[in-house]
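Scroll down for the structure; my scribbles are underneath it.
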Amino acid sequence: MKLYFTEEQKEQELNKIYLEEDELLLEGEYIEGEGRNYMISGIATIEGERYHEFEVVFELAEDANEDIASIMNTEWEWYDFHF
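One gets our numbering by counting positions in the sequence shown from 1 and adding 44 to each.
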């Protein structure tokens with residue numbers, strides 16, 4: 045399943061994730077995955093540098109409905125990133 049963030053979701057900043065321990069801000073373009081395992085792809089800002097096509101893979105701590113709002117509002121068990 046691949047879900048793109050709508051303009052309305054972007055205006056609500058539902059597509060933005062801040063990973064404090066890594067000082068990383070991700071502006072997601074889409075989410076891909078199923079069950080508890082997902083990947084968000086977008087533009088990351090790390091220490092003032094912007095990285096395009098940046099990916100964060102993660103596992104949800106609990107099951108969520110397969111819609112962007114539900115996935116984005118569920119706590120993560122773990123994550124890793126690729127750029």
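Where a beta carbon is used, it is the ideal one built from N, C-alpha and C, also for glycine.
Please read all numbers here as calculations on a predicted model, not as lab measurements.
What's the gap between the Cα of residue i and the Cα of residue j?
i: E91; j: L68; result: 8 angstroms
i: Q53; j: A113; result: 9 angstroms
i: H96; j: G86; result: 6 angstroms
i: E55; j: K46; result: 20 angstroms
i: E119; j: R94; result: 25 angstroms
i: E103; j: N109; result: 14 angstroms
Can you check DSSP and say which residues form a bridge with residue i?
i: N81; result: E78, E103
Is it buried or exposed, residue i, if we count other Cβ atoms within 10 angstroms and call 16 or more buried?
i: N59; result: buried
i: G72; result: buried
i: A88; result: buried
i: Y82; result: buried
i: G79; result: exposed
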